[in-house]
Every structure is written in C-alpha cells, then in structure tokens.
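Here the structure is laid out as structure tokens; the discussion comes afterwards.
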Amino acid sequence: MQIRPEQLEQFLKQGLSSCYLVTGAEPLIVQECADAIRVAAREQGCVDRERIDTSDKAGWSNLVQSASAMSLFSDKKLIEVQVDSGKPGTEGSKAIQEYLSMESDDILLIVAGKIDKQSQRAKWYTALDQRGAIITVWPVGRREMPSWIQGRLKQRGMSADRDAIALLAERIEGNLLAAAQEIEKLALLASDNHL
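Quick note, the sequence shown lines up with residues 2 to 196 if you use this note's numbering.
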C-alpha cells in the first residue's frame with residue numbers, strides 16, 4: 002500500500018502494518034517518517050528494537066534469523082534495516098522475500114534511499130507493497146516550499162505573513178533541514194507566535 006508522508010500519522014493511528022518501507026531523496030522527511038513509525042511501534046508494545054547492518058558480511062542473513070528469534074522483553078520487536086543505495090541487491094531481495102513469507106509478530110522497517118522504477122518492479126518491492134506500507138518521499142519543489150514552511154510553522158503553533166515565508170523560502174534554497182532549523186530558532190526567539 003502506497004502512503005504519502007502527510008498521511009502517515011493518520012495511517013498509524015489505525016494500527017501497525019507488519020512492514021514498512023520509507024524511501025526517498027529528502028533525508029529530513031524520511032527520518033521523520035521513520036521516527037513516527039518507531040514511536041507508534043513503541044506505543045503498541047514493540048519494546049525491543051534491533052538494527053541490522055546490511056554492509057556487514059552476515060547482514061541480510063541476520064534479517065531472517067532475527068525474525069525467527071524471540072524477543073526477551075516483549076511479544077514483538079521492531080527490526081530496522083538501512084539500505085542507503087535504495088537497492089538491496091540479490092541477497093537482500095531474497096532475504097526480504099523470505100522474511101515476508103514467514104509468520105512473525107515483529108515489525109519490519111526498511112529505510113532506503115531513492116528507489117528507481119526498475120527496483121519498484123522487483124519481487125521484494127511488490128511483496129512489501131502487498132504486505133505492508135510504502136512511504137515514498139518526494140523532494141519539496143520550489144513552488145511547494147512556501148506551503149511546506151507554512152505547515153511547519155503551524156506545527157510549532159506559529160504563523161507568518163507571505164513576505165516572511167517567501168524570504169525564508171528564498172534563503173534556505175530548498176534545504177528542508179535548514180528550513181526546519183530556522184523555524185526552530187524563530188520559535189525560540191519570537192516574542193509572539195506571528196512573524
């Protein structure tokens with residue numbers, strides 16, 4: 002199931018899926034989506050969190066082993082896999098498919114770089130799409146930047162006039178992390194909630 006980042010919070014309120022893939026080229030939003038999934042998993046009883054290093058020689062085989070191992074502290078655990086390139090490769094593809102074919106109460110979270118069209122047709126991707134949720138993060142374009150900034154200000158309980166938003170959008174030059182940091186600074190420095 003494909004989910005947009007702005008829909009994720011509402012989707013998580015309905016309950017957890019067995020697996021998530023968060024992918025995209027916008028690191029701030031990818032990280033925030035992964036954090037939201039971690040928080041929801043913790044709230045729903047996933048006390049244990051296991052990170053699998055795919056750069057390690059035994060990395061992908063650890064995924065399947067982890068699924069069959071019981072958690073010491075809870076009924077289920079959150080298993081996280083980081084795939085920087087966006088492609089798990091042959092070994093990773095097999096491991097993901099094998100994991101998805103197993104019955105497990107655990108939650109799988111895969112955080113990946115941007116995934117190309119060819120990889121979206123791969124068996125591991127389609128299996129994930131059928132069994133869980135895929136959150137694809139697209140870059141925020143120049144036209145969408147003012148509304149993104151306005152939404153971010155609103156999350157902080159702040160507002161700003163158009164000129165202030167346009168100036169901030171111009172200065173950050175498409176860097177969402179810089180925009181988020183500037184908004185945090187403004188929240189600390191502003192005497193009232195309007196800029």
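Every residue, glycine too, gets a C-beta built ideally from N, C-alpha and C.
Distance between beta carbons of residue j and residue i, contact taken as under 8 Å
i, j, result
"Leu22", "Ala113", "7 Å"
"Leu17", "Ala35", "About 14 Å separates the two Cβ atoms, so there is no contact after all."
"Ala161", "Leu196", "4 Å"
"Ala180", "Arg153", "7 Å"
"Glu183", "Ile173", "7 Å"
Under 7 Å between C-beta atoms of residue i and residue j
i, j, result
"Pro6", "Ile135", "no"
"Lys88", "Glu51", "no"
"Ile53", "Val31", "no"
"Ala37", "Leu9", "yes"
"Leu177", "Leu29", "yes"
"Leu109", "Ile150", "no"
Beta-carbon contacts of residue i that lie in its chain and below 8 Å, excluding the five residues immediately before and after
i, result
"Pro147", "Arg163, Ile166, Ala167, Ala170"
"Val84", "Thr55, Gly93, Ile111, Val112, Ala113, Gly114"
"Gln119", "none"
"Ala191", "Met159"
Beta-carbon contacts of residue i that lie in its chain and below 6 Å, excluding the five residues immediately before and after
i, result
"Gln3", "Ile135"
"Asn194", "Gly158, Met159"
"Ile116", "Thr24, Gly87"
"Val138", "Pro6, Gly25, Glu27, Ile30, Val31"
Boundaries of the beta strand (DSSP E) in which residue i is found, first to last residue
i, result
"Gln83", "77-84"
"Leu17", "Here Leu17 belongs to no beta strand (DSSP E), and DSSP marks it neither H nor E."
"Thr137", "134-138"
"Val48", "47-53"
"Val141", "That residue, Val141, is in no beta strand (DSSP E); it is neither H nor E in DSSP."
"Ile111", "108-113"
Sequence-distant residues of the same chain with beta carbon closer than 7 Å to residue i, five excluded per side
i, result
"Pro140", "Ala26, Glu27"
"Arg132", "Ser19, Cys20, Leu101"
"Leu125", "Reading the sequence as shown, one finds Trp at residue 125 and not Leu. Hits under 7 Å: Pro89, Ser94, Ile97, Gln98."
"Trp61", "Thr55, Glu92, Gly93, Ala96"
Residue from the options with nearest C-alpha to residue i
i, options, result
"Ala128", "Gln119, Leu110, Gln98", "Gln98"
"Ser105", "Glu10, Ser120, Gln119, Ser67", "Ser67"
"Gly142", "Gln15, Gly175, Ser192", "Gly175"
Residue i: first and last residue of the uninterrupted alpha helix (DSSP H) it sits in
i, result
"Pro28", "28-44"
"Arg163", "163-173"
"Ile97", "90-102"
"Gln182", "177-190"
"Ser56", "First-last for Ser56: undefined, no H or E at that position."
"Ser160", "Looking at the DSSP string, Ser160 is not in any alpha helix (DSSP H), and its letter there is neither H nor E."
"Gln121", "118-121"
Closer than 6 Å: residue i CB and nearest the ligand PLP heavy atom
i, result
"Val141", "Of the ligands one can find in the structure shown there are none, so the ligand PLP has no counterpart to examine."
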